[in-house]
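A short write-up of the structure that comes next.
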Amino acid sequence: MKTPSIMFQGTGSGVGKSIVTAGFCRLLSDMGLRVAPFKSQNMALNSGVVNGNLEMGRAQILQAEAARVTPDVRINPILLKPQGNSSSQLVRMGHVAGVYSAREYYTLSLENFEIVKEAYSSLAGEYDVIVIEGAGSPAEINLQATDIVNMKMAQYACSDVYIIGDIDRGGVFAWMKGTYDLVPEKSRELIKGFIINKFRGDVTLLQPGIEMFAEYVPVPVLGVLPFMYNTLEEEDSQDITSDRIDVEKPTVGVIRLPRISNFSDFAPLKANESINLIYIEKPEQIKSCDALIIPGSKSTISDMLYMREKGFEKEIKSFKGGIVGICGGFQMLGANIHDPKGIEGDITVAEGLGLLAMDTVITSEKRLEQVVYAGAGLLRGCSLKGYEMHMGRTEINGGYEQLSEAENAIIRSGNVAGTYLHGIFEDGKVTEKIFAIGGINIKADDYINEKERQLNALAGMIKENCDVDSIMKGAGL
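Residue numbers for the sequence shown follow the UniProt record's numbering, so the first one is 1 and each next one is one higher.
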């Protein structure tokens with residue numbers, strides 16, 4: 001007998017599948033069930049390190065936290081990390097397997113699905129219920145033949161499927177009907193309901209539309225979830241949003257690089273009500289900031305050249321507030337970046353910003369490690385907990401202030417600091433002291449407390465606005 005499962009698919013990307021999946025994981029955990037999330041294939045630039053030195057998607061790490069289980073690579077056996085030129089780095093069961101073009105990747109679908117089935121079966125044997133997330137839309141007719149994440153996964157897991165539509169984008173009924181119509185007929189019987197997400201206003205005004213929708217599609221709408229502002233980690237870069245500026249608060253600006261990665265690092269800052277967090281798309285926006293962050297990048301040289309071409313470099317070099325570079329952003333702070341083997345692209349060398357005397361060589365070996373370092377200098381007394389995940393070796397030539405007992409883990413020169421460490425802003429005390437480098441005083445709490453509050457609120461909202469009983473009954477729970 002198959003382990004009970006519930007699967008959420010969507011009318012497209014960014015409709016809220018990841019967050020709804022996390023909410024259901026917390027809701028089922030609250031009921032005393034042993035629950036685990038699962039997403040067979042994820043395409044994202046937000047990833048984290050689990051099990052010591054294995055890589056998986058950040059959205060699935062959040063879902064595991066929502067389920068109150070330890071993140072495990074079996075939850076996300078296939079991860080694709082886009083890196084330009086229609087190619088992606090393929091990560092299987094936490095290990096880099098190579099770089100493939102889209103066409104090359106689809107030739108691996110049968111091989112990858114065997115990995116998916118093994119991971120799912122192993123995981124399912126340990127839990128009462130699995131909450132599965134699909135990817136994009138099952139109605140992508142050009143991809144259905146090589147699908148391993150939507151209906152093919154639902155069939156393997158014998159899972160009921162619930163389609164999520166985003167009404168905030170408009171046209172939700174057309175999206176839902178179009179999705180239903182384009183799913184192969186043999187898969188339609190798996191679709192047991194629709195969930196309308198991100199509704200604003202009086203839900204009674206939507207009811208006539210729901211009743212008319214029933215005349216077109218023989219599957220009920222089982223929930224209308226209200227628009228809920230949260231700062232939980234987003235999966236897609238299209239979901240990056242800036243705060244509205246409150247002139248009474250200091251503003252932290254993150255350069256929105258074309259190939260930005262691990263922007264989940266900034267979820268704690270988005271949740272911090274004592275600051276404005278904005279994503280900078282034009283150089284002139286830098287002048288309005290009190291602190292500046294150069295984030296991670298999936299193609300460091302390309303993004304460095306983008307900043308130079310678009311005029312960001314001049315503004316960054318003249319910026320008087322605190323500057324923090326993380327991972328790829330840390331590499332950009334240096335004098336030079338070398339990629340002799342063309343691992344990240346065709347350009348093999350570029351000058352960095354020159355704010356720190358160091359040189360980086362991009363290497364094929366990927367460093368993946370969960371770490372806990374003791375703070376030093378300005379960060380003395382702090383515990384620096386996070387993970388390193390980068391392809392590159394940096395040689396530091398200057399005698400900089402060490403902000404960690406681990407040499408060169410975090411370094412500082414004047415108003416500039418750099419680190420390979422992801423997750424540093426999840427610690428409130430560390431966050432306060434890092435921004436003090438640029439002379440701004442903020443109040444920050446540990447992000448885990450806010451994350452727990454939001455996950456609990458999310459579960460409560462779903463319970464109140466969705467026919468959870470019907471969904472559980474369908475799964476045999």
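We put the beta carbon where it would ideally sit given N, CA and C, even for glycine.
A check of alpha carbon separations from Q454 across K429, L232, P340, G345 identifies L232 as the nearest.
V183 places its beta carbon less than 8 Å from that of A139.
Within the stretch 143 to 196, the complete beta strand (DSSP E) segments at least 3 residues long are 160 to 166, listed from N- to C-terminus. If you check the CB distance, I255 and M307 come in under 8 Å. Here the C-alpha atom of F312 lies approximately 29 Å from the C-alpha atom of G428.
Annotated as distal: M153 and A119, with beta-carbon spacing of 8 Å or more.
Here the alpha carbon of I362 sits roughly 10 Å from the alpha carbon of G328. Taking a C-beta distance under 8 Å as the contact criterion, H422 and G375 do not qualify as a contact pair. Beyond the five residues adjoining it in sequence on each side, G438 comes within less than 6 Å, by CB distance, of A291, G321, G322, N415 in the same chain, given in chain order. Within the same chain, and ignoring the five residues on either side of N397 in sequence, the residues whose Cβ sits closer than 7 Å to its Cβ are A357, M358. In this structure Q207 is exposed. Its beta-carbon is surrounded by fewer than 16 other beta-carbon atoms within 10 angstroms. The shortest CA-to-CA distance from M43 to any of M7, S87, I245, K177 is the one to S87. In the DSSP assignment, T419 falls within the unbroken beta strand (DSSP E) covering 416 to 419. The C-alpha of K310 is placed about 8 Å away from the C-alpha of K282. Scanning its chain for C-beta atoms nearer than 7 Å, with the 5 sequence neighbours on each side dropped, one finds around N465 the residues G223, V224, L225, P226, in chain order. Contact check for S364 against M389 fails: the beta carbons are separated by 8 Å or more. Taking the Cα positions, Q331 is about 18 Å away from F266. The three-state reading of DSSP puts K473 in helix, counting H, G and I together.
Cβ-Cβ distances below 7 Å link G209 to F173 in the same chain, with the five nearest sequence neighbours on each side left out; the list follows chain order. The C-beta distance from G57 to L79 rounds to 6 Å, short enough to fall under 8 Å.
Between S413 and the set I163, G354, E452, the nearest pair of CA atoms involves G354. In the DSSP assignment, T394 falls within the beta strand (DSSP E) that extends over 393 to 396. Shown here, P220 sits in coil according to DSSP, grouped into three states, outside any helix or strand. Judged by DSSP secondary structure, E369 falls within the beta strand (DSSP E) whose first and last residues are 367 to 374. Inter-segment contact for the stretch 121 to 129 and the stretch 32 to 43 is present: three or more beta-carbon pairs are separated by less than 8 Å. With a cutoff of 8 Å on beta-carbon distance, D160 and A475 are scored as near each other. Shown here, A97 sits in a strand according to DSSP, grouped into three states.
For the pair I424 and L384, the CB atoms are nearer than the 8 Å cut-off. A distance below 7 Å between beta-carbons, with the five flanking residues on each side excluded, links K463 to the following residues of its chain, in chain order: L27. F194 has its alpha-carbon roughly 7 Å from the corresponding atom of G165. When the beta-carbon positions are compared, E407 and G377 stay at least 8 Å from each other.
Straight-line spacing of the CA atoms in A350 and D246 works out to 37 Å. Using a Cβ distance threshold of 8 Å, I61 and P77 do not count as a contacting pair. The continuous alpha helix (DSSP H) containing I115 extends over residues 109 to 124. Here DSSP, grouped into helix, strand and coil, assigns I424 to helix. R92 has I78, H95 as its beta-bridge partners, per DSSP.
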